[in-house]
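Chemist:
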Amino acid sequence: MEFQRETYSSNHKTSFFNLGILIFMIALLLFLPLFISPLWIRITTEVLMWAGLAQSWNIIGGYTGYLCFGHGAFFGIGAYLTGLLMVHLNWPFGFCLFISGILASFLAFFIGYPTLRLRGAYFAIATWAFGEMIRQIATILDITGGAFGMQLPAYLNLPFFYYIMLLVTGMTYLTTHLLLERARFGYRLLAIREHEEAAEMVGVDTTMTKIKAFALSAFFPGIFGGIYAYWVTYIHPDSVLKADITDFMVVMAFLGGIGSLWGPLLGAIVVQFIQRILWIVWGEGTFYLVIIGLSICAVVLFIPNGLIGLLEVRIHSPKESINFLMKKFKW
Amino acid sequence: MELFIQTLIDGLLIGGLIIVVGIGFSLCFGVMHIVDFAVGEWVMLGAYTSYLMVRYFGHDPMIYLPILFLIFAGLGWLIYPLIYRAVSGKRHNPVIMGLVFTFGLSIMAKGGALSVWGYHIQSITTWLSGKSLSLGGLVTLPALRFAGFIFGIGVTLLFMIFLYKTKFGVIIRATAQDRETASLLGTDVKKIGGLVYSLYAGLTGMSGVLIGALFSIHAAMGAKYCTLAFFVVVLAGMGYVPGVIIAAFVLGLLQSLVGVYIGGRYNLVALFIVMYGVLLITPKGLLRRGI
Amino acid sequence: MKKYYKIVFLFLIFSFLIPGSGFSQEKRDYFKVGVVTSLSGELVFGGTVTKRGYDLWAETVNSMGGIEIGGKKYKVTLIYADDQSTPATAAVAGERLITQEKVDFILGPYASGPTLALAPITEKYKIPHITGSAESPLIWLRKFKYTFGTIPSVNLTAQAVITVLAKEVSPKPTTIGILGIDDPFSKFTAEAFKTASERLGLKVVKYEIVPEGSDYTPSISAIKALNPDLFAMGNHEKAAIEMMKISKELKFNPKAFVQHYGMTTPDFRKSLGKDCEYVFGNAVWTPNMNHQSTILFKTTKEYHEAFVKKFNTDPDYTEAGSTAAGIAFQEALRMIKATPPLTEAQKEALISALEKLDIMTFYGRIKFETTGESYHCNAGLQPVALQYQGGKTVEVGPGNLRRVAPKYPTPPWDKR
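Those sequence lines, one after another, are chains A, B and C.
Just so we're on the same page, my numbering is the position in the first sequence counted from 1, plus 1386.
Just so we're on the same page, my numbering is the position in the second sequence counted from 1, plus 13.
Just so we're on the same page, my numbering is the position in the third sequence counted from 1, plus 23.
Right, here's the structure in full:
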């Protein structure tokens, strides 16, 4: 994977244009619920959630280079924690979200130390085992309702959930931008990803840095889980702790472009898009998996920087674009 | 007391069958450093293929074992160049890339199976199904499981002979130990990798027949065998093939003993806790001989 | 080029912006009925089952000109939405049917999970909702005002077969071993078996719940070692098939095998062949019943024949329950003389009418409870115990629901 950073244009006219587009998009997102139907509000809320989840995974998977295959566990834990706190202790929603995020982070911090000692494939398998373990525990415990799942009090205000999701997703991206793209923390992670031993030798405390990244990456899924629980009002081990959730996070981040800021967003949109379109057009819901699988293989083989890698360059003529594409399709 | 013996036997029998899935997987990692996330899907495809063959050609599914081996070895041979590409070249972090690539393959296989066969559950039976032997009236030995066990042991022995007593085996082990030196000494690493992958695919696909006959066949069954394969290989130490035998039996016994004496609920939790624990404490396997 | 990717983003976002439908109150002379069920996903079989039941209702009603209200007839149109077998999508589907399609009322999902997610939506929009299938007691405990169900929850029905075995066979069994899968439906079934057994004086020697997908051999070995007279299983058909296979392999010969839902499915019969003989089970309805009705289908037999004619296969109780859900709406609408499109006031009246409903149909009696744990559930429906004899399921009790005597004890595997 090339060492790639976003290069910002020095042309101030283009910067102005960029800023304008950014403001327009933010305004669009803010006022969206006012002029689309509830169905599309729901769909957009879901896309936002996945964009946030994929980005959270990206923190540990893309930027740090540790592929966590059990990340969905933090989502599920957040969902159950919020459910338990709201149902048994009657705590207010916002506070529960906060606690869920913090506790998910703590857990990641706690298991991070032993687990992050493993590399590559071992880490992937270990986190995968961890994820499945959590799911089994949730199924066995009585307090979580076991296989029956848990019901939360119903609060049916669609725009509310849309804005909350937008807020948290926005925070995820902002945090990633500030801490990973702009700060030295991000450079340290990059160093770990590219060559961990060298990073250690240059003085980076790889252990602590990795653990912090892992904890950070678990914070948002914890919150998203809580929002999801309150939003759908009914959760059970299969709906919030199944491996599918992690799979989606990985797929979206990969497709969009791991290690990049906007990659996960693009990935989330594309994957949801494919899934929804196929559902609407063919009325069935499994063929999209084949397409997704194919895309992953294609991405690994040809465009390991993801779809965002295809978009991030300046070209001035058709010939350049062909050359560019040829270069991008590493063979 | 009978129950205890029955439990032990149940455990050993299951372990025997799982060995087949574990061996190929372990070797794959040892030689090419590829973790094949699609291992469960190979089993699933093998099971479905045998189902199709029985449906269209009749006869006992066991007859198709060698044919299945050839089919899946062939498939493996075809897919291998792609995996090789994913894992090598200018790419960063080959193990990860291989992992994600096989992950993509597994999603494709599962999605394909779901699209073609839906969520139907299929079943195949052999002449051994439902039959069992009674040992001294004390314990019952289900015939098909026993056959699976014999199959597992048989395959393992053949494999071991191949690895340790033939020239080819030496080459493979050499490549596993040190790829660069092996290639310097004239081994075509890529071709060896292809051979190993085909062997692995063939073996795993073949085991699908027995697994399909023992349990049921459905598109989502891959995940279970992926779990078992991971478990076995983690305990054995990735890449250490002889360890797989012991690990498979440990797996079988663990499931059996927990199931009978602690409670069926804790079956899977026990599995994952042990797996996670082993990775944290002795990542190179219980015998510390992994790569 | 930087601009290009922003434009691509905008395009993608705009593609989600398809605006909703208009706001005007349409005039129409037919009822719009929303249906949320599993048309894809792992519960697609169940979804198809409910779809058949609902379709048959709509077709039959329309073939008679429509629902008769105050002299005029109004046809029904079914509008389907797929819940993809997950609760989250059920909520989306419900939302779409209500806000975009503006349906008058809703026929509900196959499974309890999606129903539990859909019910708050129908509560919010005050849309009457009957599910012809979901059987989890959890739904009724939540006391949703706008949700009803035609099938009694599983904890009420599982006892039928236990009653037959505890009281109506000889030699009387004394012990029972129970194995259930850890999923909402199966676990409730297992618990219901346990409660019924204890109530009827059977000793539960082992009660075991295992995760889906595990190898059931150790659990069945353990139960076999305790030698119970009866072996009851709470599961769905996949596990049902495997449990029977394993029992045969282990030469486990209890005097009776007891299932609940799994045994009535064609997959069970097909996969086990002769091995499904003698297995006991439960149902709330079979095509052989003798109900008489004045609404839509005059006798159970008539329904059976109509079903076979349309779908080429026998109906089971879920299909019947789904058709019955349609019938319940039909009658209630007639009672309140409501015409489409339904106003808010009419929907409220519909709820009251459903609560007061007490009718006899080909499916049996429909009367929704209005208090207690089975709130809005058709709890009064009498379940019947079945047994596989000669490759078919026959009614073996309890009491005068028996048609054929149960074959008990079950002969051991090697003597069949």
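The C-beta atom is built at its ideal place from N, Cα and C for all residues, glycine as well.
The structure presented is a predicted model; accordingly, all values stated were derived computationally and were not measured.
For my contact list, A1459/A and L1538/A are in at a C-beta cut-off of 8 Å; report their separation, rounded to the angstrom.
Modeler: By one-based count along the first sequence, residue 1459/A stands at place 73. By one-based count along the first sequence, residue 1538/A stands at place 152. Going by Cβ atoms, the distance from A1459/A to L1538/A rounds to 20 Å, so no, they are not a contact pair.
Chemist: Taking only the alpha-carbon atoms, compute the straight-line gap between T179/B and F172/B and give it to the nearest angstrom.
Modeler: The count along the second sequence starts at 1 and reaches residue 179/B at position 166. The count along the second sequence starts at 1 and reaches residue 172/B at position 159. Distance between the alpha carbons of T179/B and F172/B: 10 Å.
Chemist: Is A1654/A close to chain B? Criterion is C-beta to C-beta, closer than 8 Å.
Modeler: Looking up residue 1654/A in the first sequence gives position 268. No, A1654/A lies away from the interface with chain B (no Cβ there is under 8 Å from its Cβ).
Chemist: Is it the case that the Cβ atoms of L202/C and E231/C are separated by a distance below 8 Å?
Modeler: Taking the third sequence and counting its residues from 1, one reaches residue 202/C at position 179. Taking the third sequence and counting its residues from 1, one reaches residue 231/C at position 208. In contact: L202/C and E231/C (Cβ atoms closer than 8 Å).
Chemist: Give the residues of chain C in contact with R68/B, contact being defined as C-beta atoms less than 7 Å apart.
Modeler: For the purposes of this step, residue 68/B is taken as the residue at position 55 of the second sequence. The contacting residues do not exist; R68/B stays about 12 Å from chain C at best.
Chemist: Mind listing, in chain order, the continuous alpha helix (DSSP H) runs of no fewer than 4 residues lying wholly within the region 187-249 of chain C?
Modeler: Taking only runs of at least 4 residues, the alpha helix (DSSP H) segments lying wholly in the region 187-249 of chain C are 207-222 and 240-248.
Chemist: On a CA-only basis, which of H231/B, D201/B and T139/B is nearest A122/B? Give me that one, please.
Modeler: Taking the second sequence and counting its residues from 1, one reaches residue 122/B at position 109. Closest option to A122/B, Cα to Cα, is H231/B.
Chemist: E221/C: buried (16+ other C-beta within 10 angstroms of its C-beta) or exposed?
Modeler: For the purposes of this step, residue 221/C is identified with residue 198 of the third sequence, where counting begins at 1. That one is exposed.
Chemist: Along chain A, in chain order, which residues have C-beta atoms closer than 7 Å to that of A99/B?
Modeler: Residue numbering aside, residue 99/B sits at position 86 when the second sequence is read from its first letter. Chain A residues near A99/B: V1686 and L1687.
Chemist: Put S47/C into one of helix, strand or coil per three-state DSSP.
Modeler: Residue mapping note: residue 47/C aligns to position 24 of the third sequence, counting from 1. Legend: pLDDT at S47/C = 43, less than 50; position of this residue unreliable, no value from coordinates given.
Chemist: Is S128/B helix, strand or coil when you go by DSSP?
Modeler: As a position in the second sequence, residue 128/B is number 115, starting the count at 1. Helix.
Chemist: Is it buried or exposed, R1391/A, if we count other Cβ atoms within 10 angstroms and call 16 or more buried?
Modeler: Translated into positions along the first sequence, residue 1391/A becomes position 5. Its pLDDT being 47, under 50, R1391/A is placed unreliably by the model, and the measurement read from it follows with that caveat. That one is exposed.
Chemist: What do you reckon, is the C-beta of T20/B under 7 Å from a heavy atom of the ligand FAD?
Modeler: With respect to the ligand FAD, the structure shown offers nothing to examine, as it has no ligands at all.
Chemist: Would you check if there are 3 or more beta carbon pairs closer than 8 Å linking the region 1571-1579 of chain A to the region 1592-1606 of chain A?
Modeler: Contact between the region 1571-1579 of chain A and the region 1592-1606 of chain A is present, because at least three Cβ pairs lie under 8 Å.
Chemist: According to DSSP, is L1452/A helix, strand or coil?
Modeler: Taking the first residue of the first sequence as 1, we reach residue 1452/A at position 66. Residue identity differs from the one stated: residue 1452/A is Tyr in this sequence, not Leu. Coil, per DSSP.
Chemist: With distances taken Cα to Cα, identify the nearest neighbour of V245/B among E15/B, G143/B, V33/B and S136/B.
Modeler: Here residue 245/B refers to the residue found at position 232 of the second sequence. For V245/B, the nearest C-alpha among the options comes from V33/B.
Chemist: For D106/C, name the three-state secondary structure that DSSP assigns.
Modeler: Numbered from 1 along the third sequence, position 83 holds the residue referred to as residue 106/C. Correct three-state label for D106/C: coil.
Chemist: Nearest-angstrom Cα distance between G1608/A and S1625/A?
Modeler: Position 222 of the first sequence holds residue 1608/A. Position 239 of the first sequence holds residue 1625/A. Distance between the alpha carbons of G1608/A and S1625/A is about 15 Å.
Chemist: Along the chain, where does the alpha helix (DSSP H) containing Y210/B start, and where does it finish?
Modeler: Indexing the second sequence from 1 puts residue 210/B at position 197. Run containing Y210/B: V202 to L227, per the alpha helix (DSSP H) assignment.
Chemist: Answer with yes or no whether the minimum CB distance from Y1620/A to chain C is below 8 Å.
Modeler: Counted from its first residue, the first sequence places residue 1620/A at position 234. True, the Cβ-Cβ gap to chain C drops below 8 Å.
Chemist: For chain A, check one thing: does any of its Cβ atoms lie closer than 8 Å to the Cβ of G45/C?
Modeler: Position 22 of the third sequence holds residue 45/C. Unreliable placement is indicated for G45/C, whose pLDDT of 35 sits below 50; no coordinate value is reported for it.
Chemist: Which bits of chain B does L273/C rub up against, with CB to CB less than 9 Å?
Modeler: Numbered from its first residue, the third sequence carries residue 273/C at position 250. Within 9 Å Cβ-Cβ: Q19, D23, S145, T153 and P155.
Chemist: Report the option in L1697/A, I1689/A, E1583/A and F1421/A whose CA atom is closest to the CA atom of P1545/A.
Modeler: Position 159 of the first sequence, counted from the first residue, corresponds to residue 1545/A. Of L1697/A, I1689/A, E1583/A and F1421/A, the residue nearest in Cα terms is F1421/A.
Chemist: Got a sec? Which residues, its chain only, sit under 6 Å from L1453/A by beta carbon, not counting five neighbours each side?
Modeler: What you label residue 1453/A is simply residue 67 of the first sequence in a count that begins at 1. Closer than 6 Å at Cβ, skipping near neighbours: G1447 and A1510.
Chemist: What is the rounded straight-line gap between the Cα of G1517/A and the Cα of M1635/A?
Modeler: Residue mapping note: residue 1517/A aligns to position 131 of the first sequence, counting from 1. Residue mapping note: residue 1635/A aligns to position 249 of the first sequence, counting from 1. Rounded to whole angstroms, G1517/A to M1635/A spans 14 Å at the Cα level.
Chemist: With distances taken from CA atoms, which of L1416/A, G1451/A and Y1449/A is nearest L1434/A?
Modeler: To locate residue 1434/A, count along the first sequence from 1; it is residue 48. Per the Cα distances, L1416/A.
Chemist: Output needed for T1558/A: all residues of its chain with C-beta closer than 7 Å, excluding positions within five of it in sequence on either side, in chain order.
Modeler: On the first sequence, residue 1558/A is found 172 positions in, with the first residue counted as 1. Only G1438, Q1441, S1442 and F1606 meet the Cβ criterion.
Chemist: If we define contact as Cβ-Cβ less than 8 Å, is F1673/A a contact residue for chain B?
Modeler: Here residue 1673/A is taken as the residue at index 287 of the first sequence, counted from 1. F1673/A counts as touching chain B.
Chemist: In the structure shown, what three-state DSSP assignment does M251/B receive?
Modeler: Counted from its first residue, the second sequence places residue 251/B at position 238. Here M251/B sits in coil by DSSP.
Chemist: Run through the region 1574-1627 of chain A for me and flag every whole alpha helix (DSSP H) of 4 or more residues, listed as ranges in chain order.
Modeler: Listed in chain order, they are 1582-1588, 1592-1618 and 1623-1626.
Chemist: Can you tell me which of I1550/A, Q1658/A and G1462/A puts its alpha carbon nearest to the alpha carbon of T1632/A?
Modeler: Residue mapping note: residue 1632/A aligns to position 246 of the first sequence, counting from 1. Measuring from the Cα of T1632/A, the nearest candidate turns out to be G1462/A.
Chemist: Excluding sequence positions up to five away, which residues of its chain have a Cβ less than 7 Å from the Cβ of F211/C?
Modeler: Indexing the third sequence from 1 puts residue 211/C at position 188. Hits under 7 Å: S159, P160, V177 and N178.
Chemist: Which residue wins for smallest C-alpha separation from Y274/B, given the options A347/C, Y386/C, I243/C and I318/C?
Modeler: As a position in the second sequence, residue 274/B is number 261, starting the count at 1. Among A347/C, Y386/C, I243/C and I318/C, the Cα nearest to that of Y274/B belongs to I243/C.
Chemist: Quick one: what does DSSP say Y386/C is sitting in, helix, strand or coil?
Modeler: Locating residue 386/C in the third sequence gives position 363, counting from the first residue. In the structure shown, Y386/C sits in coil (DSSP, three-state: anything other than H, G, I, E or B).
Chemist: Is F320/C helix, strand or coil when you go by DSSP?
Modeler: Taking the third sequence and counting its residues from 1, the one referred to as residue 320/C is at position 297. Correct three-state label for F320/C: coil.
Chemist: Is DSSP giving G1480/A helix, strand or coil here?
Modeler: Within the first sequence, numbered from 1, the residue matching residue 1480/A stands at position 94. Three-state DSSP puts G1480/A in a helix.
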